[in-house]
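Inspection log for the structure reproduced underneath, given as structure tokens.
Protein chains in written order, with the working numbering: chain B, 25 to 685; chain X, 1462 to 1543.
And the structure:
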């Protein structure tokens, strides 16, 4: 990727040098389960890398357009899993899909290179986002497991990929995919992730693109690191100037013949179609006589964004303004459109449509502004990023954290153009796309860096370091914003905050977890012995006389679901008292940490006991309790707080989320 | 309908492998064949879970679930890229 290494502070002299040293002496392997890999990408250049790690048991699986020599010392493994897909859809049509690890889609190459791509100078998409591209762990090795095909990703194939990746010896598993919300014992990513984490493998998954609706998360198991998406300080502006003098900004990655600099006639697709959904510029819906030589306003939705431009072009239109409707708000998605296009938010889109309706001869110009850096505020939580509360276990706060996931430039397949449309024959080495799919491999790569620096850390310790050092406010002290609302985001949106890898390197203290802790968690969920055995593969007897509490899972964040009093208890003033226990492990020097709590709701009392923890040696553990005392609030009320332990040098921060249901 | 085959993931209780089987895959296969003679395993899973995937009708899946040594039978789910 370009920009995100700088945005994350990886290019600072000190951290760059430290991470490089740690990485070069380590042999961290990231397994990416996705659409496969395009091995010819420059991001898989293995110059300067030592031999393949001795521990590696993987292979480079030969198949259509994929040879053993497609792998090297960077891309050390590539396999494909198609049995489930073929059982459902019939034999793969090899004229359209490669029955091999080869990536015909681009998504898998994008995620793999984001996590661990080598350094490539002069990267860009048609000059946009130009710079030196690199993965987060640019010296880590990559193994690609192709489990997603044109018809989707099937659980039997995903499970086979996870099974093999663990056997092959990966250290980090990166999965930018998800299913519908289901219990952990029915979700193969959760089941496979449990076993992987039990074997010391860090499992990073995308939170999903179901935002901004609440409770829209996938991959919510506590042994998985769940990653939401935020913006960076980079935009690709396009400028719209209407005939009435009003100006709007949008975004675009268009590269091609420019529009005439003079004003051009403007038409709303809804007025240039007889179809009921003509406003969406679906195939064949526009009347050529009404759009010929004009810039057409198309509403977002239903068909692919870039395809709308082709529909406009086919009808004789010369450009497009792609307007968000209320489903998308003001979040802008930049695409490499095939005709001059600016994407605008709902507010601008509505004003442009109002202008068209009010003017007998509406006109406009569109100009393209290239790449703009230093955009503030940033990061901002992406509207699409899935949100908490955790729909499976409300007592575990998810997502865990956010990372860059909007307009990310990374490696791409040579099989399809940047829009993915069959008509797009442009060949690009890098593409710019958005999603929690893009934020997940950022965290996978950063976890690989931490694993390289601290090989003895467990997956839970790595996640704790990433979470407790994340930031949730800008430098001016204001909370990270949410694009969906334009207001401050909450821990249900950003989890513990935005990842800050340089700080995560030296967190001071971590909240560690073992397999037994996760099994106690399953007991606390009242899972039956057979449900637990599905996940843990061994006989577990939850003790009848032992109190198992989800609240006591040693998680680096707190979620406190509270019940609203009803009926005769509605006016009850008796507060709810909830106690959570946590254990901190010292991974730094001897130090004394003091607790501090900040809360936005004074009626909720938060008491930490003890207030001070002294650590005299590394690996020493200290336990504390937090007691939350809260009165009843109307259902739907939420409130947030933050607990910090600090020795003056480190800040070990945990978000706290209260929700009344 | 009832005869339409779908893919299922079968979770096996590997620690309770019958004494007359040396190899767990033979046990899996025998258990599968007891409900569907023509069925084949798509994958056997040996690390992250113990079990296999196969194509069965709904009735066969229900019948398999009752067999000894079967922990759970889950119908295949389609996941999406994010």
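For each residue, glycine too, the CB sits at the ideal point set by N, CA and C.
Which listed residue (147/B, 102/B, 175/B and 60/B) has its alpha carbon closest to that of residue 127/B: Position 103 of the first chain holds residue 127/B. Relative to residue 127/B, the option among 147/B, 102/B, 175/B and 60/B whose CA is nearest is 60/B.
7 Å Cβ cutoff, residue 160/B in contact with chain X: Locating residue 160/B in the first chain gives position 136, where the first residue counts as 1. Judged by the 7 Å Cβ criterion, residue 160/B is not in contact with chain X.
Whole-angstrom C-beta distance between residue 232/B and residue 699/B, which should lie under 8 Å: Since the first and last residues shown for chain B are 25 and 685, residue 699/B lies out of range.
Closest by C-alpha distance to residue 637/B, when choosing among 617/B, 168/B and 519/B: Taking the first residue of the first chain as 1, we reach residue 637/B at position 613. If you compare the alpha carbons of 617/B, 168/B and 519/B with that of residue 637/B, the shortest gap goes to 617/B.
Buried or exposed (CB count within 10 angstroms, at least 16 for buried), residue 365/B: Taking the first chain and counting its residues from 1, one reaches residue 365/B at position 341. By the neighbour-count rule (16 or more Cβ atoms within 10 Å), residue 365/B is buried.
Contact list for the stretch 1508-1527 of chain X against chain B, Cβ threshold 7 Å: Listed by position, the residues of the stretch 1508-1527 of chain X near chain B (Cβ gap below 7 Å) are 1508, 1509, 1510, 1511, 1514 and 1516.
Short CB-CB distance (under 7 Å) between residue 561/B and chain X: Taking the first chain and counting its residues from 1, the one referred to as residue 561/B is at position 537. For residue 561/B, a Cβ of chain X is located within less than 7 Å of the residue's own Cβ.
Whole-angstrom C-beta distance between residue 125/B and residue 87/B, which should lie under 8 Å: Taking the first residue of the first chain as position 1, residue 87/B is located at position 63. Taking the first residue of the first chain as position 1, residue 125/B is located at position 101. Confirmed, Cβ separation roughly 7 Å.
Identity of the residue in 1499/X, 1487/X, 1530/X and 1478/X nearest residue 1471/X by Cα: In the second chain, residue 1471/X corresponds to position 10, counting from 1. Checked all of 1499/X, 1487/X, 1530/X and 1478/X; the closest Cα to residue 1471/X is 1530/X.
Given 8 Å, three or more beta-carbon pairs between the stretch 71-89 of chain B and the stretch 454-468 of chain B: When Cβ pairs closer than 8 Å are counted between the two stretches, the stretch 71-89 of chain B is seen not to touch the stretch 454-468 of chain B, the count staying below three.
Collapsed DSSP secondary structure at residue 588/B in the structure displayed: Taking the first chain and counting its residues from 1, one reaches residue 588/B at position 564. Residue 588/B falls in the coil class under three-state DSSP.
Residue 517/B: first and last residue of the uninterrupted alpha helix (DSSP H) it sits in: Translated into positions along the first chain, residue 517/B becomes position 493. 515-518 is the extent of the alpha helix (DSSP H) around residue 517/B.
Boundaries of the beta strand (DSSP E) in which residue 1536/X is found, first to last residue: Position 75 of the second chain, counted from the start, is the residue given in the question as residue 1536/X. Per DSSP, residue 1536/X belongs to the beta strand (DSSP E) from 1531-1536.
Whole-angstrom distance between residue 562/B and residue 544/B, CA atom to CA atom: Position 520 of the first chain holds residue 544/B. Position 538 of the first chain holds residue 562/B. Using only the alpha carbons, I get a separation of about 14 Å.
Min CB distance residue 1496/X to chain B below 7 Å: Reading the second chain from its first residue, position 35 is the one you call residue 1496/X. So, not an interface residue.
Three-state class that DSSP yields for residue 167/B in the structure shown: Locating residue 167/B in the first chain gives position 143, counting from the first residue. Note: residue 167/B maps to strand in three-state DSSP.
DSSP state of residue 673/B mapped onto helix, strand, coil: The residue labelled residue 673/B in the question sits at position 649 within the first chain. Residue state for residue 673/B is assigned as coil, using DSSP reduced to three classes.
Three-way DSSP call (helix, strand, coil) for residue 512/B in this model: Translated into the one-based positions of the first chain, residue 512/B becomes position 488. The DSSP-derived three-state label of residue 512/B is strand.
Bridge partners - residue 84/B, DSSP secondary structure assignment: Counted from its first residue, the first chain places residue 84/B at position 60. DSSP output for residue 84/B lists 102/B as bridge partner(s).
Per DSSP, the bridge partner or partners of residue 607/B: Start at 1 with the first residue of the first chain, and residue 607/B comes out as number 583. Note: residue 607/B is bridge-paired with 647/B in the DSSP secondary-structure output.
Residue-chain proximity (residue 1468/X, chain B), Cβ-Cβ < 7 Å: The count along the second chain starts at 1 and reaches residue 1468/X at position 7. Interface residue, yes.
6 Å CB neighbourhood of residue 327/B in its chain, flanking five on each side removed: As a working note, residue 327/B is residue 303 in the first chain. Cβ neighbours of residue 327/B beyond the five flanking positions: 306.
Reduced DSSP secondary structure (H/G/I, E/B, other) of residue 456/B: As a position in the first chain, residue 456/B is number 432, starting the count at 1. Judged by DSSP in its simplified three-state form, residue 456/B adopts strand.
At least three beta-carbon pairs within less than 8 Å, the stretch 469-479 of chain B to the stretch 429-448 of chain B: No, they do not touch.
Proximal residues of chain X, C-beta to C-beta of residue 179/B below 7 Å: Here residue 179/B refers to the residue found at position 155 when the first chain is read from its first residue. Those are 1470, 1537, 1538 and 1540, listed as they occur along chain X.
Residues bridged to residue 258/B [DSSP beta-bridge criterion]: Position 234 of the first chain, counted from the first residue, corresponds to residue 258/B. Note: residue 258/B sits in a beta bridge opposite 397/B.
CB contact check: residue 1533/X to chain B, cutoff 7 Å: Along the second chain, read from residue 1 onward, the residue named residue 1533/X stands at position 72. By this cut-off, residue 1533/X is an interface position.
Bounding residues of the beta strand (DSSP E) (the contiguous stretch that carries residue 555/B): In the first chain, residue 555/B corresponds to position 531, counting from 1. If you look at residue 555/B, you'll find it isn't in any beta strand (DSSP E); it sits in the alpha helix (DSSP H) that goes 553-560.
Alpha carbon of residue 505/B to alpha carbon of residue 259/B, nearest angstrom: Locating residue 505/B in the first chain gives position 481, counting from the first residue. Locating residue 259/B in the first chain gives position 235, counting from the first residue. Straight-line spacing of the CA atoms in residue 505/B and residue 259/B works out to 16 Å.
Residue 48/B versus 140/B, 114/B, 514/B and 293/B, residue with shortest Cα-Cα distance: Translated into the one-based positions of the first chain, residue 48/B becomes position 24. Its Cα nearest to that of residue 48/B, the residue 140/B stands out among 140/B, 114/B, 514/B and 293/B.
8 Å contact criterion, which residue 406/B and residue 262/B should meet: CB distance rounded: Residue mapping note: residue 406/B aligns to position 382 of the first chain, counting from 1. Residue mapping note: residue 262/B aligns to position 238 of the first chain, counting from 1. That pair is no contact at about 19 Å.
Straight-line Cα distance separating residue 598/B from residue 475/B: Against the first chain, residue 475/B aligns to sequence position 451. Against the first chain, residue 598/B aligns to sequence position 574. Rounded to the nearest angstrom, the gap between the Cα atoms of residue 475/B and residue 598/B is 47 Å.
Inter-residue spacing [alpha-carbon to alpha-carbon] between residue 557/B and residue 1523/X: Stepping through the first chain from its first residue, residue 557/B is reached at position 533. Stepping through the second chain from its first residue, residue 1523/X is reached at position 62. Roughly 20 Å separates the two Cα atoms.
Below-7 Å beta-carbon distance, residue 1485/X vs any chain B residue: Here the question's residue 1485/X lines up with position 24 in the second chain. Chain B contact via Cβ: absent.
Where the alpha helix (DSSP H) containing residue 109/B begins and where it ends: What you label residue 109/B is simply residue 85 of the first chain in a count that begins at 1. First-last of the alpha helix (DSSP H) with residue 109/B: 107-113.
Touching by the beta-carbon criterion (3+ pairs, under 8 Å), the stretch 634-653 of chain B and the stretch 1476-1493 of chain X: The stretch 634-653 of chain B, when compared against the stretch 1476-1493 of chain X, does not touch it at the 8 Å Cβ threshold.
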